[in-house]
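Heads up, the thing below is written out as structure tokens.
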Amino acid sequence: MDDALLMPEEPAGGVYGAPRPAVPQRVPLTPRFGGCASGAGVGLGAEQGAGYRRLPEWLKVKLPGTGEYAETRSLLRGLKLHTVCEEARCPNLGHCWERGTATIMILGELCTRRCGFCAVAPGRPNGFVDHDEPRRVGEAVAAMALRHTVITSVARDDLVDGGSRIFAAVIGEIRRRSSTVIEVLVPDFRGHADDLKRVIDAGPEVINHNIETVERLHPTVRPSARYDRSLELLRRVKDSGAPIKAKSGIMLGLGEKDDEIEQVLRDLVAHGCDLLTIGQYLRPTPHHLPVAEYVHPDRFRDWGRRAEALGFENCASGPLVRSSFHADELAGTVRRGESSKAV
Ligand code: SF4
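Take 811 as the starting number for the sequence shown in this note's numbering and just add one per residue.
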């Protein structure tokens, strides 16, 4: 890894659009069941209004506070780092932080996309890149002494390289300080193979890219993404020949049918996906897609077994499972119940 890649001065890949001050701008939250600007997906969910469905027992979690929760929190605050745990309002935050694990979110807190299920704030980052962030992430990971680290990011469609250089720099800075296993949860880089290759060449052990839902629901759930493009990304990871596991994840409860779930599992296996997470969609705000169904834990267990029967190396399936929930166990970095900490 040559230093030129670490801490590039300007967004080396450049910024799309007319030159403008690199000042991130939040955009107001508006209903997300109007689909994308093209109008695809209009109507789905809108008629169901803002009503929240009563949470079943199996989705109630206890408030965080014990274990390493406080240390994890102050460490991340001290290094001015964002986490998807907080930005996406993950129900497992307490559990994971008490375990001393957290998923660091790089490239800012404003996403250039507006997926119908996601609590991350939409905005216009306008090409702003925090060039010191890779160093701080490297320091945080070393300080957390994690055996398995997950790094994710918002979608940065404003950057010509989609943020892939910063991903590579972050992996480099972690490698300089820690022997942790590195998992990166990446956006689709708009299907640009060279951006993905930059991340592959940086050498993480796991590349995760969530396909999120079945093909039919993509226009509403992920209006700026494409089902086939996400599958292609996972295939490219496997076709690279690098010793990297490909991972993906889906949510249930958005109105998908069983045969559609079966199809997305088959498509993922056919595109070389090794690891899978299956979890329950939870509505972050009335602006987001309504929950069509709270799927019973028994059905999650059945889908987990089905996934492994179809050929996944490992699958975590349960109402509270999220992309990086117990990622260390799913990837085999640690055995179930073992500490997530390097001794
Ligand atoms: S691209 Fe990712 S961070 Fe952005 S809205 Fe969609 S799921 Fe959320």
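A virtual CB, placed ideally from N, CA and C, is assigned to each residue, including glycine.
Please state the DSSP three-state secondary structure of residue i.
i       : result
Leu956  : strand
Ala1126 : strand
Thr1023 : coil
Thr1030 : helix
Leu865  : coil
Gly1142 : coil
Glu882  : Going by the sequence as given, residue 882 is Thr instead of Glu. Of the three classes helix, strand and coil, the one that applies to Thr882 here is helix, per DSSP.
Ala1056 : strand
His1081 : coil
Glu993  : strand
Leu969  : strand
His905  : helix
Cys895  : helix
Ser963  : strand
Gly1114 : helix
Val1016 : strand
Pro841  : coil
Pro1107 : helix
Arg830  : coil
Using 10 angstroms around the beta-carbon of residue i, count the other beta-carbons present and answer buried if the total reaches 16, otherwise exposed.
i       : result
Asp1077 : buried
Glu867  : exposed
Arg830  : exposed
Tyr1091 : buried
Glu1152 : What sits at residue 1152 in the sequence shown is Ala, not Glu. When all chains shown are included, Ala1152 counts as exposed.
Glu857  : In this prediction, Glu857 has a pLDDT of 45, which is less than 50 and means its spatial position is unreliable; nothing more can be read from the coordinates.
Pro838  : exposed
Ala1141 : buried
Gly926  : buried
According to the Cβ coordinates, are residue i and residue j closer than 8 Å?
i       : j       : result
Glu1022 : Val1031 : yes
Leu1062 : Phe1122 : no
Glu949  : Trp907  : no
Ile961  : Val947  : yes
Arg909  : Val1144 : no
Glu1015 : Ile981  : no
Leu917  : Gly973  : yes
Leu1064 : Arg1116 : no
Cys921  : Ala965  : yes
Pro944  : Ala898  : no
Glu1066 : Leu1027 : yes
Arg975  : Arg923  : no
Cys1083 : Ser1058 : yes
Strictly by DSSP, which residues pair up with residue i?
i       : result
Lys1067 : Answer by DSSP bridge pairing: none, since Lys1067 is not bridged.
Ile976  : Ile976 is not bridged to any residue.
Val825  : Leu969
Pro1193 : Since the first residue of the chain shown is 811 and the last is 1153, residue 1193 is not available in this structure.
Thinking residue i and residue j are a contact (beta carbons under 8 Å), I'd like their distance in whole angstroms, please.
i       : j       : result
Thr882  : Ser1134 : The pair is not a contact, with the Cβ atoms about 14 Å apart (cut-off 8 Å).
Ile1088 : Val1131 : 6 Å
Val825  : Asp968  : 6 Å
Pro841  : His1097 : 5 Å
Ser989  : Val951  : Actually they are not in contact, since the Cβ atoms of Ser989 and Val951 sit about 10 Å apart, beyond 8 Å.
Pro997  : Pro935  : Contact doesn't hold; Cβ gap of about 13 Å is too wide.
Ala1010 : Val1047 : The sequence shown places Ile at residue 1010, not Ala. Going by Cβ atoms, the distance from Ile1010 to Val1047 rounds to 7 Å, so yes, they are a contact pair.
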